[in-house]
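Enquirer: Those protein sequences? They're chains W and B, same order as listed. Using this note's numbering, read the first sequence as starting at 47 and increasing by one per residue. Using this note's numbering, read the second sequence as starting at 12 and increasing by one per residue. For glycine and all other residues, C-beta sits at the position ideal for the given N, C-alpha and C. This structure is a prediction, so every number in the text was calculated from the model and none was measured.
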Amino acid sequence: MPVPAPVSSVTPLAARFAQRAGVRARRERRLRVSLGIAAALLALLAVAMPAFLLASVRLTPGWQEIVLPLLAGSFKAAVYAVLVALPLGLGAAIWCACFAPPAWRALLKPLFELFEAVPAVVLGLIAALLLAPWLARHVLAFAIFLTLLAPMLAIAGLTWQRVAPLRWQRRWVGYEVWLMLPPLLLTCAVALWAGDQFAAAGLAALLQPQTPWNGLVIGLMLGLAVMPTVFSLSEDALFAVPADLALGAQALGATRWQALWRMLLPVAAPGIVAALLLGFSRALGETMIVLMASGNTPLLDASPLTGLRSIAANLALEAPEAAPGSAHYGLLLLSALLLFGLCLLLNAMAETVRGRLRRRLVGL
Amino acid sequence: MTAFASLPRGVARRGDTGLWLTAGAVGLSLLALVAVLAVLLLQALRSFAPAPVAELRWNNGGTEHTLIAAVVGQDARALLVRGSEWQRRGAEYRRIARADLLQLDWPADAVTLHLRDGREIHLRGDAAAWRATPMPLLPPGPPGFLLASTDVVDVVAANRLTPTQAIGLVVQRAWRFVGGAPGSGGGVYPALVGTVVLVLLMSVLVMPLGVLLALWLHEYAGSGRVARLLRAAMANLAGVPTVIYGLFGLVLFVNGIGGGLDALLQSDVPRWGGGGLLWSSLTLALLTLPVVVIATEEGLARVPASLRQAALALGATRAEMLWRVVLPVARPALLTALILAVARAAGEVAPLMLVGAVKYTPLLPLDGEFPYLHVSRQFMHLGQSVYDLALAGSDALRDPAQAYAAALLLLVVVVGLNAAAIVARNHLRERARELAV
Numbered sequence: 047m048p049v050p051a052p053v054s055s056v057t058p059l060a061a062r063f064a065q066r067a068g069v070r071a072r073r074e075r076r077l078r079v080s081l082g083i084a085a086a087l088l089a090l091l092a093v094a095m096p097a098f099l100l101a102s103v104r105l106t107p108g109w110q111e112i113v114l115p116l117l118a119g120s121f122k123a124a125v126y127a128v129l130v131a132l133p134l135g136l137g138a139a140i141w142c143a144c145f146a147p148p149a150w151r152a153l154l155k156p157l158f159e160l161f162e163a164v165p166a167v168v169l170g171l172i173a174a175l176l177l178a179p180w181l182a183r184h185v186l187a188f189a190i191f192l193t194l195l196a197p198m199l200a201i202a203g204l205t206w207q208r209v210a211p212l213r214w215q216r217r218w219v220g221y222e223v224w225l226m227l228p229p230l231l232l233t234c235a236v237a238l239w240a241g242d243q244f245a246a247a248g249l250a251a252l253l254q255p256q257t258p259w260n261g262l263v264i265g266l267m268l269g270l271a272v273m274p275t276v277f278s279l280s281e282d283a284l285f286a287v288p289a290d291l292a293l294g295a296q297a298l299g300a301t302r303w304q305a306l307w308r309m310l311l312p313v314a315a316p317g318i319v320a321a322l323l324l325g326f327s328r329a330l331g332e333t334m335i336v337l338m339a340s341g342n343t344p345l346l347d348a349s350p351l352t353g354l355r356s357i358a359a360n361l362a363l364e365a366p367e368a369a370p371g372s373a374h375y376g377l378l379l380l381s382a383l384l385l386f387g388l389c390l391l392l393n394a395m396a397e398t399v400r401g402r403l404r405r406r407l408v409g410l
Numbered sequence: 012m013t014a015f016a017s018l019p020r021g022v023a024r025r026g027d028t029g030l031w032l033t034a035g036a037v038g039l040s041l042l043a044l045v046a047v048l049a050v051l052l053l054q055a056l057r058s059f060a061p062a063p064v065a066e067l068r069w070n071n072g073g074t075e076h077t078l079i080a081a082v083v084g085q086d087a088r089a090l091l092v093r094g095s096e097w098q099r100r101g102a103e104y105r106r107i108a109r110a111d112l113l114q115l116d117w118p119a120d121a122v123t124l125h126l127r128d129g130r131e132i133h134l135r136g137d138a139a140a141w142r143a144t145p146m147p148l149l150p151p152g153p154p155g156f157l158l159a160s161t162d163v164v165d166v167v168a169a170n171r172l173t174p175t176q177a178i179g180l181v182v183q184r185a186w187r188f189v190g191g192a193p194g195s196g197g198g199v200y201p202a203l204v205g206t207v208v209l210v211l212l213m214s215v216l217v218m219p220l221g222v223l224l225a226l227w228l229h230e231y232a233g234s235g236r237v238a239r240l241l242r243a244a245m246a247n248l249a250g251v252p253t254v255i256y257g258l259f260g261l262v263l264f265v266n267g268i269g270g271g272l273d274a275l276l277q278s279d280v281p282r283w284g285g286g287g288l289l290w291s292s293l294t295l296a297l298l299t300l301p302v303v304v305i306a307t308e309e310g311l312a313r314v315p316a317s318l319r320q321a322a323l324a325l326g327a328t329r330a331e332m333l334w335r336v337v338l339p340v341a342r343p344a345l346l347t348a349l350i351l352a353v354a355r356a357a358g359e360v361a362p363l364m365l366v367g368a369v370k371y372t373p374l375l376p377l378d379g380e381f382p383y384l385h386v387s388r389q390f391m392h393l394g395q396s397v398y399d400l401a402l403a404g405s406d407a408l409r410d411p412a413q414a415y416a417a418a419l420l421l422l423v424v425v426v427g428l429n430a431a432a433i434v435a436r437n438h439l440r441e442r443a444r445e446l447a448v
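Written out as structure tokens, the structure is:
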């Protein structure tokens with residue numbers, strides 16, 4: 047943008063203006079140049095990232111035997127993590143966006159987003175030293191907890207709807223989470239007790255993990271770490287859907303859940319799919335939790351009761367020792383390239399799907 | 012507005028299974044969150060709590076042994092005790108089956124001496140007398156064992172602590188843990204210094220570049236093809252796994268530039284070609300660049316267009332408008348960006364394992380020797396310490412306990428920073444609303 051031309055005049059102000067014109071023009075130029083340099087650096091970085099991987103990759107014979115178990119390990123960890131993160135994150139997002147009173151929402155959303163900032167190494171520490179040994183002794187209890195959880199919550203909720211006076215129900219609208227805490231804790235207690243009983247009866251061998259550091263532990267902790275990502279993105283998508291849709295459905299006699307399931311969720315579906323994809327991508331690339339709590343044994347199997355070794359954890363373990371230019375180094379970079387490509391692909395897919403949501407919301 | 016604020020009579024009694032399941036999901040997530048925090052807090056506190064000291068007599072294959080030792084764990088079948096560490100920290104753990112125990116006393120005059128290097132010596136005597144003894148001390152240890160009284164950090168009458176004394180001891184030990192060097196009972200001071208210096212250096216590197224980039228993307232680039240491509244690149248860089256950044260730093264900075272520098276300077280020991288502070292902060296700067304750009308762009312978008320137009324109408328050039336009007340108004344956004352970047356960088360461990368954080372180094376990156384800040388040195392990092400203490404410690408019981416304490420410290424720093432960013436952002440939003448009116 048050009049500097050305004052100095053006006054030829056003799057007033058002192060105008061003279062000063064004219065005097066400073068050169069300095070101002072120089073500043074303008076300097077800003078433009080430095081902005082250009084910054085943009086060029088970004089472009090360079092964006093090109094250099096994949097280029098350095100591609101340049102150092104070397105395919106040695108037998109690479110599949112080394113890289114494939116790692117890839118399988120990464121997928122195993124990410125799939126289990128998403129299996130945990132999706133019900134928790136999506137459920138919490140639905141409740142937060144549609145059922146929670148505004149004050150609650152204003153509290154819950156930053157809380158979960160703050161949880162996203164918890165360093166992975168802290169979660170990995172808890173997973174490796176506490177959760178893994180505990181879970182190894184209580185796999186049965188955990189399995190029972192999983193089976194009982196949904197039925198118990200549903201029974202408790204439906205009983206409340208049938209039995210509680212309408213006045214009470216009106217007062218508790220929006221605060222159903224507190225009502226769910228007693229059945230949740232009860233389920234925990236029942237599962238622990240039943241697990242001990244079954245273990246005493248000698249059924250523990252059915253589900254005995256081969257190692258305390260296994261896919262189950264990874265799934266739980268990594269799922270907890272990824273949950274805020276899924277929550278945050280799908281909550282945004284659901285909250286952006288106009289509430290009129292739900293109100294209209296309710297006016298026509300739908301229950302709250304029917305309105306949500308038939309009206310809101312289909313509209314917000316692209317946003318939720320994007321949240322799922324990004325959560326998966328994040329779980330694939332997460333290093334510390336997997337490094338600390340997975341046992342790091344490269345296995346080609348999908349069981350939650352065996353260990354795994356993921357690409358990211360393998361990089362953190364082996365890259366500092368690999369000699370530059372060696373075959374080992376080349377293979378490490380190959381696995382890194384795979385991980386990089388996968389994450390890039392997932393992010394691009396998520397971005398495309400989110401674009402669709404945005405267009406759909408504009409249409410409404 | 013919430014979509015379902017009302018409860019019409021007609022639908023109140025009709026089952027809403029899904030609703031209850033989503034409420035359960037919130038409850039379960041909150042429970043998990045609380046459990047994680049509670050466990051961390053509890054374990055961290057436990058690592059500082061003093062262990063009671065017992066006098067044991069037991070029978071081992073026909074021979075009788077006696078020992079004064081701290082009881083660090085027990086179950087129905089056995090006791091886990093830690094005897095006096097005459098030689099080496101963590102070397103005197105012993106598991107004694109309850110069946111073999113002949114006698115177990117908790118003598119009231121038990122004294123624990125804490126030594127400078129983290130060792131403990133348990134004996135019976137008068138704590139006050141031990142505190143007052145001039146050097147050298149002669150504890151009833153192996154023949155010839157001599158102890159300088161300057162080595163004794165702390166004398167604790169382990170079995171006679173009142174609750175207030177115990178709490179005071181925990182606080183004192185926690186303080187020494189934060190401020191102490193490793194070896195003196197395992198402090199995290201060097202790791203803390205390393206983390207802070209690393210993060211400061213990273214901020215100096217990333218902030219100018221990030222703000223310039225955000226300015227370019229938001230104010231100059233428009234919506235041409237180059238701008239769109241670079242925007243997509245930025246979004247994708249944000250999604251790249253952090254360990255890949257570490258690998259990038261290792262290949263480009265450490266092996267590439269650092270190795271080249273070493274060859275150029277003809278140094279026979281790798282000075283730049285090993286990992287170091289500079290390479291780590293550069294790597295972290297790349298990693299946090301998207302964070303800074305996205306947060307700054309958000310702030311720039313909130314500056315009302317009327318302010319820009321007013322500045323331009325008064326004859327300001329674009330540079331002047333940006334420098335004098337837009338950036339000052341967006342200052343809270345810059346602060347938010349900085350805080351978020353720092354929080355992200357402070358909690359990141361995986362890339363640092365590749366480019367220069369080490370388990371132990373005797374030298375701090377910042378000291379009194381010229382040039383004061385040693386950017387080519389390897390350094391210790393809080394997150395890396397958590398990892399190393401937890402999985403590669405020399406003391407199977409005390410090191411993991413300290414890992415919890417270090418993790419709690421890290422968590423407090425990172426979560427505190429993020430909470431500050433949230434507050435700053437809210438402040439920005441309010442201000443933007445005021446300006447827009």
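Would you report the Cα separation of W:Gly268 and B:Ala321, rounded to the nearest angstrom?
Expert: Per the sequence shown, residue 268 of chain W should be read as Leu rather than Gly. Near 50 Å, if we compare the C-alpha coordinates of B:Ala321 and W:Leu268.
Enquirer: Among the residues of its own chain, which have a CB less than 7 Å from the CB of B:Ile107, if the five just before and after it don't count?
Expert: Cβ within range, chain order: Leu67, Trp69, Ala89, Leu90 and Val92.
Enquirer: Please go through the region 163-245 of chain W and give each complete alpha helix (DSSP H) segment of 4 or more residues, from N-terminal end onward.
Expert: Entirely contained in the region 163-245 of chain W, the alpha helix (DSSP H) runs reaching 4 residues are, in chain order, 166-172, 178-183, 185-209 and 212-218.
Enquirer: Check for me: the beta strand (DSSP E) holding B:Gly84 runs from which residue to which?
Expert: Note, B:Gly84: beta strand (DSSP E), Thr74 to Gln85.
Enquirer: Assign B:Tyr383 to one of three DSSP states: helix, strand, or coil.
Expert: B:Tyr383: coil per DSSP, three-state reduction.
Enquirer: For a contact defined as C-beta to C-beta under 9 Å, what are the partners of W:Gly203 on chain B?
Expert: The answer, in chain order, is Gly26, Asp27, Thr28, Leu30, Trp31, Leu32, Ala34 and Gly35.
Enquirer: Note down, in chain order, each residue of its chain lying with its Cβ closer than 7 Å to the Cβ of B:Thr253, except the 5 sequence neighbours on either side.
Expert: Leu298, Glu359, Ala361 and Pro362, listed in sequence order.
Enquirer: Which residue or residues does DSSP assign as beta-bridge partners of B:Tyr104?
Expert: Per DSSP, B:Arg93.
Enquirer: Below 8 Å between beta carbons: does that hold for B:Ala34 and W:Met226?
Expert: Yes; because the gap between Cβ atoms is below 8 Å, this pair is in contact.
Enquirer: Tell whether a beta-carbon distance below 8 Å holds between B:Val424 and B:Ala357.
Expert: Going by C-beta atoms, B:Val424 is nearer than 8 Å to B:Ala357.
Enquirer: Name the one or two DSSP bridge partners that B:Gly394 has.
Expert: BP columns for B:Gly394 are empty, so no partner.
Enquirer: Using a threshold of 8 Å, state whether the C-beta atoms of B:Val304 and B:Val340 are closer than that.
Expert: Cβ distance not < 8 Å, so B:Val304 and B:Val340 don't count as in contact.
Enquirer: What residue from B:Leu351, B:Tyr383 and B:Met391 has the CA that sits closest to B:Thr372's CA?
Expert: Among B:Leu351, B:Tyr383 and B:Met391, the Cα nearest to that of B:Thr372 is on B:Met391.
Enquirer: Taking C-beta pairs closer than 9 Å, name the residues in chain B that W:Thr333 reaches, listed in chain order.
Expert: The answer, in chain order, is Pro252, Thr253, Val254, Gly257, Val360, Ala361, Pro362 and Met364.
Enquirer: Report all residues from its chain with a CB closer than 6 Å to the CB of B:Leu261; omit the five preceding and five following residues, and keep chain order.
Expert: Same-chain partners within the cutoff: Leu365 and Val366.
Enquirer: Would W:Val223 count as contacting chain B if we go by Cβ distances under 8 Å?
Expert: Yes, W:Val223 counts as interfacial toward chain B.
Enquirer: W:Arg404: which of W:Asp282, W:Leu380 and W:Gln254 sits nearest, CA to CA?
Expert: Here the closest residue by C-alpha is W:Asp282.
Enquirer: Name, please, each residue of chain W whose Cβ falls closer than 9 Å to the Cβ of B:Met245.
Expert: By Cβ distance, chain W contributes Leu88 and Ala92.
Enquirer: By the criterion of Cβ-Cβ separation under 8 Å, what are the contact partners of B:Leu297 in chain W?
Expert: Ordered by position in chain W, the residues that pass the 8 Å Cβ test against B:Leu297 are Leu91.
Enquirer: Going by Cα to Cα distance, which pick from B:Val163, B:Met332, B:Phe188 and B:Ser95 is closest to W:Arg73?
Expert: Nearest C-alpha to W:Arg73: B:Met332.
Enquirer: Between the C-alpha atoms of W:Val167 and W:Met334, what's the straight-line distance to the nearest angstrom?
Expert: Distance between the alpha carbons of W:Val167 and W:Met334: 5 Å.
Enquirer: Does the contact criterion of 3 or more C-beta pairs under 8 Å hold for the region 321-337 of chain W versus the region 355-366 of chain W?
Expert: Flag = yes, the region 321-337 of chain W and the region 355-366 of chain W touch.
Enquirer: Just to make sure I have the definition right: I need the residues of chain W whose C-beta is within less than 7 Å of the C-beta of B:Leu39. Which are they?
Expert: Here the neighbours are Leu134 and Leu230.
Enquirer: With a threshold of 8 Å between beta carbons, is W:Glu281 in contact with chain B?
Expert: Closer than 8 Å: no.
Enquirer: Of the residues that make up the region 417-440 of chain B, which ones have a beta carbon closer than 7 Å to any beta carbon in chain W?
Expert: For the region 417-440 of chain B, which is checked against every Cβ of chain W, the residues closer than 7 Å are Ala418, Leu421, Leu422, Val425, Val426, Asn429, Ala430 and Ile433.
Enquirer: For the region 235-246 of chain W and the region 310-322 of chain W, state whether three or more C-beta atom pairs, one from each stretch, are separated by less than 8 Å.
Expert: They do not touch, by the three-pair rule.
Enquirer: Within a Cβ cutoff of 6 Å, which residues of the same chain sit near W:Ala295, ignoring the five residues on either side of it in sequence?
Expert: Once the five neighbours on either side are set aside, the close Cβ partners of W:Ala295 are Ala305 and Met309.
Enquirer: Leaving out the 5 sequence neighbours to the left and right, which residues in its chain are closer than 8 Å to B:Val397 when beta-carbon positions are compared?
Expert: Cβ neighbours of B:Val397 beyond the five flanking positions: Val360, Ala414, Ala417, Ala418 and Leu421.
Enquirer: Can you find the residues in the same chain that come closer than 6 Å, C-beta to C-beta, to W:Thr257, ignoring five residues on each side of it along the sequence?
Expert: Gly341 and Gly353, listed in sequence order.
Enquirer: DSSP state of B:Leu400, grouped into three classes?
Expert: Of the three classes helix, strand and coil, the one that applies to B:Leu400 here is helix, per DSSP.
Enquirer: Report the three-state DSSP secondary structure of W:Gly341 (helix, strand or coil).
Expert: If DSSP states are grouped into helix, strand and coil, W:Gly341 belongs with the strands.
Enquirer: Pop quiz: B:Tyr200 and B:Val189 are said to be a contact at Cβ under 8 Å. What is the actual Cβ separation, rounded to whole angstroms?
Expert: Correct: roughly 7 Å between the Cβ atoms.
Enquirer: What do you get for B:Ile132, buried or exposed, if any count of 16 or more other CB atoms within 10 angstroms of its CB means buried?
Expert: Classification of B:Ile132: buried, given that the 10 Å Cβ count is 16 or more.
Enquirer: Over what stretch of residues does the alpha helix (DSSP H) that includes B:Val182 continue unbroken?
Expert: Element bounds for B:Val182: Pro174 to Gly190.
Enquirer: How many angstroms separate the CA atom of B:Val302 from the CA atom of B:Ala232?
Expert: When rounded, the distance between both Cα atoms is 19 Å.
Enquirer: Any Cβ of chain W within less than 8 Å of the Cβ of B:Gly394?
Expert: With 8 Å as the cut-off, B:Gly394 counts as an interface residue toward chain W.
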